[in-house]
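Residue numbers (the working numbering): 1 to 281.
What follows is the structure, encoded as structure tokens:
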């Protein structure tokens, strides 16, 4: 259903107990103004409303904000309970856009999820680190598409921008992975609060192994759980169903089996401290 901002605002006024509002693919939504008080509204989700230019939220008890789409203007005022945010779509193609849109609100977040359809460059991650301090962040979840053997060490700058981070999840989809032999790159940056790391989409190529070793070396004092997951992350339920019912199911299973064998070989002679709960899935 195509709805405009006035219709959404009318709905909110009439449904004072509404807790979750989701608007998806509306071609009539150009601006959305949620001016409280709305004591019951906890979650706002806006997806693929391509003509949207502005989201304004004032005087609301919003806890969770999810946005997938192009770059727009965000105005958030007096939303002290906002602690979780998801950002995805075209806006994430340049991290500087994310910074300019959200830098004022990121410091209060406890959970931040970002999804993009390409890799993040080292230069982008440096800009992010230089301009953002997510001092309250406890969980960071990142989904990326990666070409070939591109490095993943840019994650270090995102974690450095989150000094109290306790849980980090990286989901990677790789296009044409390259199995090259080279020395591991090393970055020394201790993570004193990081307790859990999960790497989904691990293929066992050099850059994957490099990143896991980075965490073992830099979070050794705090890390409690480390998960290496060989399954390729899925962006949607439809994609997941297709993947396990498509003509290439046997090929997918075989690829994951090969990745599992590579991972076990890579970590066979690596000493993982016994207090770290280490799993290869």
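By construction, the Cβ of each residue, glycine as well, lies at the ideal position given by its N, Cα and C atoms. None of the values given here were measured: they were computed from a predicted structure.
(1) Using three-state DSSP, classify residue 25 as helix, strand or coil.
(2) In the DSSP output, what is residue 167 paired with across the bridge?
(3) Let's test the definition: count the other Cβ atoms within 10 Å of the Cβ of residue 81 and tell me whether it reaches 16, buried, or not, exposed.
(4) Which residues in the same chain as residue 145 place their Cβ atom closer than 6 Å to its Cβ, once the five residues preceding and following it in sequence are excluded?
(5) Please name the residue or residues paired with residue 266 in a DSSP beta bridge.
(6) By Cβ distance, which residues of its chain are closer than 8 Å to residue 19, with the 5 residues on each side in sequence left out?
(7) Can you grab the Cα-Cα spacing for the pair residue 274 / residue 140, in whole Å?
(8) Spell out the partners DSSP gives residue 58 in its beta bridges.
(9) Do residue 74 and residue 113 have their C-beta atoms within less than 7 Å of each other?
(10) In angstroms with no decimal places, state the Cα-to-Cα distance between residue 197 and residue 279.
(11) Taking the straight line between their C-alpha atoms, what separation do you get for residue 165 and residue 254?
(12) Which of the three DSSP states is assigned to residue 65 in this structure?
(13) DSSP state of residue 172, grouped into three classes?
(14) Compare the C-alpha of residue 91 against each of 83, 105, 48, 70 and name the closest.
(15) Closest by CA to residue 9, which one among 31, 216, 189, 25?
(16) Return the CA-CA distance between residue 272 and residue 77, expressed in angstroms with no decimal places.
(17) Under the rule that 16 or more other beta-carbon atoms within 10 Å means buried, what is residue 17, buried or exposed?
According to the structure data:
(1) Note: residue 25 maps to coil in three-state DSSP.
(2) The partner list for residue 167 (beta bridge, DSSP) reads 139, 196.
(3) Exposed, since its Cβ has fewer than 16 Cβ neighbours within 10 Å.
(4) Here the set comprises 117, 118, 173.
(5) Bridge partners of residue 266: none, in fact.
(6) 40, 41, 42, 43, listed in sequence order.
(7) Each residue's alpha carbon lies about 25 Å from the other.
(8) Answer is 35, 77.
(9) In this structure, residue 74 sits away from residue 113, with a CB-CB distance that is not shorter than 7 Å.
(10) Answer to the nearest angstrom: the Cα atoms are 11 Å apart.
(11) Rounded to whole angstroms, residue 165 to residue 254 spans 35 Å at the Cα level.
(12) DSSP, reduced to helix, strand and coil, places residue 65 within a strand of the structure shown.
(13) Three-state DSSP puts residue 172 in a strand.
(14) The shortest C-alpha separation from residue 91 is found at 70.
(15) Cα-wise, what sits closest to residue 9 is 31.
(16) Residue 272 and residue 77 have their C-alpha atoms some 46 Å from each other.
(17) By the neighbour-count rule (16 or more Cβ atoms within 10 Å), residue 17 is not buried but exposed.
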